[in-house]
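If you use full-length UniProt numbering, the sequence shown corresponds to residues 1 to 122, in order.
The beta-carbon is built from N, C-alpha and C at its ideal position, and this holds for glycine as well.
What you are looking at is a predicted structure, and each value in this text was computed from that prediction instead of being measured.
Report on one structure; see the data block that follows.
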Amino acid sequence: MSDKKKTVVLGASPNPDRYSFLAVNKLTAHGHPVVAIGKKAAQIGNIPISTDHPSQEDVDTVTLYMNPGNQKEYYDYIMNLHPKRIIFNPGTENDELAKMAGEKGIDTLEACTLVLLSTGQY
């Protein structure tokens, strides 16, 4: 895979039973640079989980692992990252955020990051 996509994982968790944990590991295994942001400072492998809103350049994808109510505080942050796309994983679908993204020319996708990676569609 030659096209590495810098990905911000919002809702990252150090709990190995969480899909966000699996996504960080799988993204890393596929060679994508990962920025993990969650509620608790921790590590997933070599990737630190940040609890703040670190500024980032050249973000390709924001993949969401938090419910729509918890996403609100990140709206401005997500928009200021200027990602090419936002992936709404199952349970994170949010019409309000999708509309805001569309107005900024950001693609949105209701999909599972893990499936996209497994099937070569990421």
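Of the residues the options, the one placed nearest residue i, counting alpha carbons only
i    : options                 : result
D58  : L116, G120, C112 and K5 : K5
K84  : D17, K40, G120 and D60  : D60
T108 : S118, H82, A29 and G120 : H82
D52  : V8, I106, L116 and G120 : V8
S118 : A98, T28, Q56 and K72   : T28
E110 : A42, G91 and N46        : G91
E96  : Q121, P54 and K72       : K72
I49  : G11, N80, Y19 and G69   : G11
Three-state secondary structure assigned by DSSP to residue i
i    : result
T113 : helix
V24  : helix
D76  : helix
S118 : helix
P68  : helix
A36  : strand
K3   : Looking at the sequence itself, residue 3 is Asp, so the reference to Lys does not match. Here D3 sits in coil by DSSP.
D95  : helix
A42  : strand
Classification of residue i by the beta-carbon crowding that lies within 10 angstroms, buried from 16 upward
i   : result
G31 : exposed
N94 : buried
CB-CB length for residue i against residue j, believed under 8 Å
i   : j   : result
Q43 : P14 : 7 Å
Three-pair Cβ contact test at 8 Å for the segment 30-48 versus the segment 96-106: no
Cβ contact (3+ pairs, closer than 8 Å) linking the segment 58-77 and the segment 12-23: yes
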